[in-house]
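FYI, full-length UniProt numbering numbers position 64 of the sequence shown as 64, with every residue one higher than the one before it. See below for the structure under consideration.
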Amino acid sequence: MEVNANFAVPQDQINFKPAYENINGHFNGTPAAPVVAPVPVGVPGAMGVLQPQAPALQPQLVDVPVFNCPRRPNLGREGRPIVLRANHFQISMPRGYVHHYDINIQPDKCPRKVNREIIETMVHAYSKLFGNLRPVFDGRNNLYTRDPLPIGNDRMELEV
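Okay, structure coming up:
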């Protein structure tokens, strides 16, 4: 099998020097010569796509343009700290699968809070269907349960 594509140069083989700095560290207004980095071909674990060749290692020279890498400033003191709230949380379930159900609430434009109240009312009104299941609802159209509802793969319409 042969795979051909452009080969990426591993980051540790790129020499980052300012474009106009000479060998003495002074800026003289003329660009420095391009840096040439060896790139292994056919080596598993190297970055990029491999081309199988024999023997396993063959050095290849690649012209890499000089790159003026911007330096990261100190940690900084500008701006203000903010409180960040993520919309996820860790759950642990001892067994089973998570079952997903698509829910379509009419009218479509209800706020999430109203949709959650509708689902809560539905769970209480149809306690025979839900039993001891405590479904999780995202406020739009995704309902999750730990155990499957006793409806199989059928579509069901419930009125609340």
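All C-beta atoms in this analysis are idealised placements derived from N, C-alpha and C, irrespective of residue type, glycine included. None of these values were measured; they are calculated from a predicted model.
Item: Supposed close pair Ile103, Asn142 - CB separation, criterion 8 angstroms; Value: 7 angstroms
Item: Whole runs of the beta strand (DSSP E) within the UniProt domain "Protein argonaute N-terminal" (80 to 155), excluding any shorter than 3 residues; Value: 99 to 102 and 142 to 145
Item: For His99 and Pro150, believed in contact at Cβ under 8 angstroms, the rounded distance; Value: Rounded, the Cβ-Cβ distance is 11 angstroms, inconsistent with contact.
Item: Burial state of Ile82, where buried means 16 or more other Cβ atoms lie within 10 Å; Value: exposed
Item: Meets three-Cβ-pair contact criterion under 8 angstroms: the stretch 113 to 130 and the stretch 85 to 97; Value: no
Item: Whole-Å CB distance - Arg112 paired with Gly139, under 8 angstroms assumed; Value: 3 angstroms
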